[in-house]
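Residue numbers for the sequence shown follow this note's numbering, beginning at 1 and rising by one.
We treat Cβ as the ideally placed atom computed from N, Cα and C, and that holds for glycine.
I have placed the structure first, in the form of structure tokens, so that the comments after it can refer back to it.
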Amino acid sequence: MNLIKQAAVIAIFTVSALFAQIDNKNQITISASAEETVPADIVVFNLTLKADAAEPKTAFELHRQQEKNLLQLIQRFEIPDSNINYSLMRISRRAAYNNNPERFDTYQTVQIKLNSIKQYNDFQIRLLDGGIYNFGSNFSSTKIDDAKKIALNNALKKAQTDAEQIASQIGRELGEVLNVNYHTSPNVQTQDMMRMDAAKSSITEIPQQLSVQVQVNVVYDLKISK
């Protein structure tokens, strides 16, 4: 098959949202993607515990109080140890400059996973009550790993199907896989607002979906047809 016909075949597959590239006479690279959607059913909080004072001991004591307040909150919500990750506290000296005196700062990060989205509002209010003001949160799902596996499997199947079709069109046979790389990108999707119950009292009652997209790049060997 001449080069013009090969280029035409490749163009067809590029338009179909897949990318095919014949790297040399014996290899072909296929890019494909697949998406899987799962319900968001957990919330992950990322907290920063910080304190500052004129004396290092005072800064340390203020920080320790925040830790105690957070531990009480963890116990109140019965959060298991497996849902908690944290860094060790560090303290640093801030040198005096201009008319500002010397200060000492503490810093520590904590990640906490709530197994129920229903706890979200109450938990963040309790954080504020405990003097913890630096935090953010994001949705996740207990089914996220399964969604990644399904999306990856579907993307690989798409790549295989299109590689076989392209190889056939250019008079070649598809050989073994030479290389595979992929990446995932989860995104939060809101359910159709027109279908929401108007009686909901909080925005967090609106169901959320996590859309996990997997992009694969697969390099195949090309064989001469027999």
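Subject >> DSSP three-state assignment for Leu-88, whether helix, strand or coil >> reply: DSSP, reduced to helix, strand and coil, places Leu-88 outside both helices and strands of the structure shown, so it counts as coil.
**OP:** Determine, using beta-carbon pairs with one atom in the stretch 107-118 and one in the stretch 43-54, whether at least three such pairs fall under 8 Å.
**Re:** Between the stretch 107-118 and the stretch 43-54, the count of Cβ pairs shorter than 8 Å is three or higher; the stretches touch.
Subject >> For Ile-117, the nearest candidate out of Lys-50, Ile-224, Gln-209 and Ser-185 (CA to CA) >> reply: Selected option, being the one with the closest Cα: Gln-209.
Original post:
For Asn-32 versus Leu-156, is the C-beta distance shorter than 9 Å?
Top reply: One point to set straight first is that residue 32 is Ala, not Asn, in the sequence displayed. The answer is yes: Cβ separation under 9 Å.
**OP:** Note down the Cα distance separating Arg-51 from Ile-84, rounded to an integer number of angstroms.
**Re:** Looking at the sequence provided, one finds Ala at residue 51 rather than Arg. Cα to Cα, Ala-51 sits roughly 21 Å from Ile-84.
Original post:
Whose CA, out of Asp-41, Thr-37, Gln-213 and Ile-30, lies closest to the CA of Thr-142?
Top reply: Selected option, being the one with the closest Cα: Asp-41.
Original post:
Between the Cα of Pro-101 and the Cα atoms of Glu-55, Lys-68 and Phe-60, which residue gives the shortest distance?
Top reply: Nearest of Glu-55, Lys-68 and Phe-60 to Pro-101, Cα basis: Glu-55.
Original post:
Hey, Asn-179 and Val-219: beta-carbon distance below 9 Å or not?
Top reply: Going by C-beta atoms, Asn-179 is nearer than 9 Å to Val-219.
Original post:
Would you call the CB atoms of Tyr-182 and Val-212 closer than 9 Å?
Top reply: Not in contact: Tyr-182 and Val-212 (Cβ atoms no closer than 9 Å).
Original post:
For Phe-77, which of helix, strand or coil comes out of DSSP?
Top reply: Here Phe-77 sits in coil by DSSP.
Original post:
For the candidate residues Ile-144, Gln-160, Ala-147 and Leu-222, whose alpha-carbon lies nearest to that of Arg-172?
Top reply: For the residues Ile-144, Gln-160, Ala-147 and Leu-222, the minimum Cα distance to Arg-172 belongs to Leu-222.
Original post:
How many whole angstroms separate the CB atoms of Phe-77 and Phe-123, which I take to be in contact at a CB cut-off of 8 Å?
Top reply: At roughly 6 Å, the Cβ-Cβ gap stays under 8 Å, so Phe-77 and Phe-123 are in contact.
**OP:** Tell me whether Lys-57 is buried or exposed, calling it buried when 16 or more other Cβ atoms sit within 10 Å of its Cβ.
**Re:** Around the beta carbon of Lys-57, fewer than 16 other beta carbons lie within 10 angstroms, which makes this residue exposed.
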